[in-house]
Structures are given as structure tokens and as C-alpha cells.
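Read through the structure below, which is laid out as C-alpha cells, and then see the notes.
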Ligand SMILES: Cc1ncc(COP(=O)(O)O)c(C=O)c1O
């Protein structure tokens, strides 16, 4: 990966050791880096002998899953001996109706993660390029490495803005895919509608824009665009969505992409037939109808985001204005210490080190009670660290 961000580590081989009998793995595997998930509640409970652990590390829904989704899963259980629908027809027709786009313009996958891999598998030849920002979601570079393609990572501005011009400067004749995460993980910043349209209008014909809108539901800025309006106007881009965040179904694994019908057909061509299990399809379809759960989620998040940022400010911690369900906060040289002290107190947050932001912690927006607990623990840690 050619990295324009000086603070990001270059790819290192994770598959080492003496040659074993049998075929050698593809050369691309030497460059693969494992995804580092947030620590689990069970892990931290066991490690520190704690009763209560609050996880604010993976941007999950603090209200839990949609009750309608839970019921749909219960109803589906007796049919577990049947294969799922390989094209997720019910879910795609619901998406089509909701988003006013033809059903042929949707593909459903085992989470947005799988969508990223499918796009890379469908379009990248060895030596092709992906352009994206840094820091951003790591799976774009993962998909690139998998296909022996190169990822060009363009630094965000000093205030973590996603500037179209900077990304365009990194696009050349070898660039097939451009990934824009908006709101961006881990910064919570976003690409305004006019920047997005400008980017689209300036990309060369052979280059496809993928807008990862996994956190779009949480964005309330007037000039935020989730890409669906552009799709309805006939623009050529792919929009990624997940059921893991606003719909509270991270453990079920379901996501979808919307795009031009030909692009969706290319992604379908490399998809495993039964990639989305029947329970996940049923849960996702029901969650789409659960307006009360979505409204409660967005209300909780909007209030929680303010509560978290104001609370951090009160204890002298600056954070980045966020359009998402997490907040990136600057703890300076104490970040690693704060992160591990919070763990001992039963609060899991995410270190920014993996994104080349060692001074920062990414904190998911929890319930008001979880945020207050986090802030109390933080005050305690910062006081004793003076
Ligand atoms: C920006 C972004 N895109 C995609 C995903 C993957 O979502 P899923 O759980 O649907 O695989 C995540 C998960 O954290 C994410 O942060």
C-alpha cells in the first residue's frame, strides 16, 4: 500500500514461518493485515473480574436490536432447515419501495464488509489502484490487498475534512475504485453534498465511486448526502449500507449496496449463493419496518452525542464534531494509559493507534447512563494521572 499518511504503518506480513508441505498460499496473503475488532465484554469481564462492563468500542446500537427484528427471527426459527433465498428478494423489494429505486439496483450481503470484498473482487486486477482517505475504515485496503491492488491513502485535512480535491489528486489511470466513508470512521466527519457531486463529476470514466454510508442515519447536517438522491438522478456510484448500526443487528450480519444495475450484476456474479442467512434476511426486513426503534435510536444518539462531547469538554478533553454514533477525542500522550485504565474500570473504548492516531480514542455514543459512567471513570483516571 502506498501510504501518503506518514503516521500509518506500512503493511507487514502476518503469515510467516517455515514452509509447510502442500501448496504455497497466494503471494497476496503476505500483505494481509488482520482486522482488529474491539475487545469483547466477556473478555474484559474475565480479565478484570468485573460484574459490569460497558462497551463503547464498536459503534453498536446501545438500545439493542429492533423488537420487530427479534420477533421475525423467532418466527423464522422453525424453517432453519431450509436454505435462504439466494437473492434476498423480500428484503430487496422492501428496499426498492423505501428508497424509490428498482429492486435490480440492490444487492444484499453478509454485512457491509462483504460488500467491500465483493466490489474489490468484481473490479480489481493485480496492479490496479484504490484511492481513499486516511484515516478511514480499514476494509477498503483489505479488499485491495486481497486482489493484489494498491491502495493510495490520502490524508484528511488537519481538521479531518474529506476534501474532494485532495482525493482527485491521487486518482490516475490505474485507479478503478474510490472509497469515501461519510460519515467517516473513525473521525465522524463527512463529505458535504456539493463536494460529493464535484468528486463524482471529476472522476474519470473508468473509475467507480463507492460511498460507504454505514453511519448515514446518524448524520443530521443540512449538507450531508447519503448518495441515494444521486442514484435516483442517475449518477454512477455505489452506496453501501449496513444493518449493524442504526438497526442494531451487528451480530446478525446484513448489509446492502445500491448502485447502477450493471455494477450490481457484477457484484452478484462473484457472490456466494447463500451469503446472507435466512434469520439475517428476516431480521433486516423487519427492522426496516420498525420506525419506532429507528426513531428511538436516532433520538438517543443525537442527545448522547451532545452529552458526550459536552462532558468531555467539561473535563478538558477536545473532540471532533461528529455526524455519527461515535466521537473521536484527543487525550494527547495519555491516550494509551487512559484506554487501559478505562478497561480496568469496565469501560471499553477504541484506541486510535491502529489508524495512526495514537493520541486519540474513539468512543461510541451509548445511553445517557453509559456516557455518564464513562465520564465519571474518565474524570477519575485523569485526576489520578496529574
Ligand atoms: C464505515 C464502515 N463500513 C462498514 C462497516 C461494516 O459493517 P458490517 O457490520 O455491516 O459489516 C463498518 C463497521 O464498523 C464501518 O465502520
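Numbering (the UniProt record's numbering), first residue to last: 1 to 386. Quick reminder that beta carbons are idealized off the backbone N, C-alpha and C, glycines included.
Check                                                                                                                  : Outcome
Close beta carbons around residue 60, own chain, < 6 Å, minus the five adjacent residues each side                     : 250
Inter-residue spacing [alpha-carbon to alpha-carbon] between residue 345 and residue 372                               : 13 Å
Integer-rounded CB distance, given that residue 103 should sit under 8 Å from residue 93                               : 5 Å
Beta-carbon gap between residue 219 and residue 183 smaller than 8 Å                                                   : yes
Range of the contiguous beta strand (DSSP E) that encloses residue 241                                                 : 237-242
Residue environment, residue 255, which counts as buried when at least 16 other CB atoms sit within 10 Å               : buried
Close-in-space but distant-in-sequence residues of the same chain around residue 64 (CB under 6 Å, 5 per side omitted) : 248
Residue 140 and residue 156 closer than 8 Å at C-beta                                                                  : no
Own chain partners of residue 113 with C-beta closer than 7 Å, once the 5 adjacent residues on each side are dropped   : 139
Simplified DSSP assignment, three categories, for residue 116                                                          : helix
Three-state secondary structure assigned by DSSP to residue 390                                                        : Here the chain covers residues 1 to 386 and nothing more, so residue 390 does not appear.
Residue 139 - DSSP class collapsed to helix/strand/coil                                                                : helix
Coil, strand or helix - residue 421 by DSSP                                                                            : Nothing in the structure corresponds to residue 421, since the chain is present only between 1 and 386.
C-alpha gap between residue 35 and residue 343, whole angstroms                                                        : 20 Å
In chain order, each alpha helix (DSSP H) run of at least 4 residues that lies wholly inside the stretch 258-286       : 261-270
CA-to-CA distance, residue 225 to residue 259, given in whole angstroms                                                : 15 Å
Length of the line joining the Cα atoms of residue 314 and residue 347                                                 : 19 Å
CB of residue 123 within 8 Å of CB of residue 167, strictly                                                            : no
Three-pair Cβ contact test at 8 Å for the stretch 70-89 versus the stretch 321-329                                     : no
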